[in-house]
Amino acid sequence: MIFDIIIDHLPYLFGGLWVAIQLLVALLAVGFVLGIALALAEVYGPRPLRWFGMAFERVFRGIPEIVLLLLFFYGLGDFYPIEPFPAAVLALGLRSTAYQSQIFRGVIQAVPRGQMQAARAIGMSRAQAVQNIVLPQALRQAIGPWTNEFSSELKATSLAYVIGVVELTRQGRYIISSTQGNILVVFAVIALMYFVVNWLGNRALYGLERRYAIPGYGETR
Amino acid sequence: MAKLLEVEDIRKSFGSTEVLKGVSLSLDRGETKVIMGSSGTGKSTLLRCVNRLDPADSGHVRLDGEEVTDANVNRMRQRIAFVFQDFNLFLHLSARDNITIGLRKLRKMSKADARQRADRELDRVGLSDRADNYPSQLSGGQQQRVSIARALAMDPDVLLFDEPTSALDPELTGEVVSVMQSLARDGMTMLVVSHEVGFARRAADAVIFMDGGHVLEEAPPKEFFSAPKHDRARQFLTAIGEGEAA
């Protein structure tokens, strides 16, 4: 029966989900580190760096994910042999960098100017002021918009199946073709799995937001 | 004897507007001077040139004979503390940690030592019971007192105040002014931009009157408030309700 098929194939589905989560964590990590670097370059950097940041962001926000995946796997693969998984991390990670840099740029610029001035006035260098004063405030404000990025990238991991990453969606297709059918139920189970991960991830992020909320700040809203 | 703080021929323009047209002044150790003048005469800009938050176009600032330059500015700012009109407490830190962060990151003090020092400074401004409160849980007057404590903790040679009571409700200025008066009594060297005539009368060694980017006169407060030498100063005092009507 159909439920037996699902239960029999659960290890494959969870295996696929695990790959999807690894891909998600890797691409978000790439986007987080490079996104903050790019945002800092755009806000504080010299003009050439700002131009580079803007160009990078335009390019990677302006190309469909699937095209990026194909470019990085087949395109890059022509010059340098690359496995599907790292190609997907690179393609989706750089795209996430572009989006995350916009989140971080926004929250960095939203930190009141007086904060930087006060930090400089007690003798901090600009780098110390950014590290100790500006970023701790900006990152707290970034958690909210960042949950969007988390959700959208979790869903984007499913596209990696086009270059052969055996993640959750591709496992589903394998099950469907090996058991001849059951399309609706298999994809419904997969949909549920994405939904649950998304829900748990968002809950964790909102928890983080509450935990790091600044006492008394913005409470009157 | 050499002056503690020497400001010499500072000029500063924003765009085509020359805000400071060659300003000089000096402070001996332990002196308090109050800078007065109508708004737009460059008082705050002058103060920001002293610690280089706005670098001057030309002129010199020397502390204990050492010139403040781009190269030593971070070190010199630890000796020339600045109190802002709108406090600028670090929003994500408690009152105590607003004070400890400079000690820990710049002085490399241990957590325990920094905490002890912070609590001593909070006590000095009468806010021991507020150490764990965040800026948005404090009144304006309390925030300004924490910001003074933050400045004091760095053991500065000079304290600069940029209109420290202008952003406060009238009933809150008193607590800040009384902290400043006790600092002056304790021999702190202070350069204060303020319209607090009471503070100037009681605590200042001299009043510096600025107009149009120049220092017009400098005199002991008693002399300045009773017999200002310049018409502009007389008009100013009348305008703030201090001088006798002409």
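These protein sequence lines are chains A and B, in that order.
Sequence positions in the first sequence follow the UniProt record's numbering and run 1 to 221.
Sequence positions in the second sequence follow the UniProt record's numbering and run 1 to 246.
For every residue, glycine included, the Cβ atom is placed at its ideal position computed from N, Cα and C.
Which listed residue (the options) has its alpha carbon closest to that of residue i
i	options	result
G15(B)	S128(B), L160(B), D57(B) and Q116(B)	D57(B)
W146(A)	I36(A), F79(A) and A55(A)	I36(A)
I190(A)	A213(A), V59(A) and L154(A)	L154(A)
V33(A)	G75(A), I108(A), V186(A) and F104(A)	F104(A)
A118(B)	D86(B), G141(B) and A151(B)	A151(B)
V215(B)	R48(B), K12(B), G22(B) and L5(B)	G22(B)
F150(A)	I7(A), G16(A) and A20(A)	A20(A)
Q116(B)	T100(B), Q142(B), E223(B) and G126(B)	T100(B)
residue 276(B)	A153(B), E66(B) and F84(B)	A query on residue 276(B) cannot be resolved here, the shown segment of chain B reaching from 1 to 246 and no further.
T189(B)	V19(B), S26(B) and E8(B)	S26(B)
L53(B)	L91(B), D211(B) and V83(B)	V83(B)
S24(B)	S39(B), T17(B), S38(B) and K3(B)	K3(B)
V186(A)	Q171(A), V197(A), A138(A) and R120(A)	Q171(A)
G198(B)	V61(B), Q235(B), I240(B) and V158(B)	I240(B)
D8(A)	V107(A), P136(A) and S178(A)	S178(A)
A200(B)	S38(B), E223(B) and T17(B)	E223(B)
Q117(A)	V107(A), G106(A) and N132(A)	N132(A)
Residue-level contact to chain B via CB, residue i, 9 angstroms cutoff
i	result
A142(A)	no
Q117(A)	yes
residue 235(A)	Summary: the structure shown does not reach residue 235(A), with chain A confined to residues 1 through 221, and so no result is reported for it.
G114(A)	yes
R221(A)	Legend: pLDDT at R221(A) = 46, less than 50; position of this residue unreliable, no value from coordinates given.
M124(A)	yes
Y217(A)	yes
I103(A)	no
I214(A)	yes
Q100(A)	no
I5(A)	no
Q109(A)	no
Q22(A)	no
Whole-number beta carbon distance between residue j and residue i, since they are thought to touch under 8 angstroms
i	j	result
L172(B)	S139(B)	6 angstroms
V125(B)	F161(B)	So it is not a contact: roughly 14 angstroms between Cβ atoms.
G114(A)	N74(B)	G114(A) to N74(B), Cβ: 18 angstroms. No contact.
Environment of residue i [buried if 16+ CB atoms lie within 10 Å]
i	result
T69(B)	exposed
V134(A)	buried
A245(B)	At A245(B) the pLDDT is 46, less than 50, meaning the model places this residue with poor confidence; the figure from the coordinates comes in the next sentence. With fewer than 16 Cβ atoms within 10 Å of its Cβ, A245(B) is classed as exposed.
R77(B)	buried
L122(B)	buried
F3(A)	exposed
R221(A)	Interpretation of R221(A) is limited by its pLDDT of 46, a score under 50 that renders its predicted location unreliable; the figure taken from the coordinates is listed afterwards. With fewer than 16 Cβ atoms within 10 Å of its Cβ, R221(A) is classed as exposed.
T157(A)	buried
T97(A)	buried
P164(B)	buried
E42(A)	buried
Y80(A)	exposed
E67(B)	exposed
Residue-chain proximity (residue i, chain A), Cβ-Cβ < 9 angstroms
i	result
A246(B)	Only weak support exists for where A246(B) lies, its pLDDT of 44 falling under 50; the coordinates are left without a value.
P164(B)	no
I148(B)	no
Q144(B)	no
R120(B)	no
S194(B)	no
P135(B)	yes
R77(B)	yes
K12(B)	no
K105(B)	yes
F84(B)	yes
A2(B)	no
L20(B)	no
A81(B)	yes
A239(B)	no
A151(B)	yes
D70(B)	no
Listed by chain order, chain A residues near residue i by CB distance under 8 angstroms
i	result
G102(B)	I122, G123 and M124
M154(B)	I122 and G123
L5(B)	By Cβ distance, chain A contributes nothing, its closest Cβ being about 16 angstroms from L5(B), past 8 angstroms.
residue 248(B)	Here chain B has residues from 1 to 246 only, and residue 248(B) is not among them.
L53(B)	Q117, R120 and A121
Amino acids of chain B, ordered along the chain, whose beta-carbon sits closer than 7 angstroms to that of residue i
i	result
Q137(A)	L91 and H92
I133(A)	F90
heavy atom of the ligand NAD below 8 angstroms from residue i C-beta
i	result
A95(B)	As for the ligand NAD, it is missing from this structure, which has no ligand bound.
Chain B contact residues for residue i, given Cβ-Cβ distances below 9 angstroms
i	result
Q180(A)	Near Q180(A) there are no residues of chain B at all, since even the closest Cβ is about 59 angstroms away, more than 9 angstroms.
Q128(A)	N74, K105 and L106
Closer than 7 angstroms at the beta carbon, the chain A residues around residue i
i	result
L63(B)	None at all; the shortest Cβ gap to chain A is about 13 angstroms.
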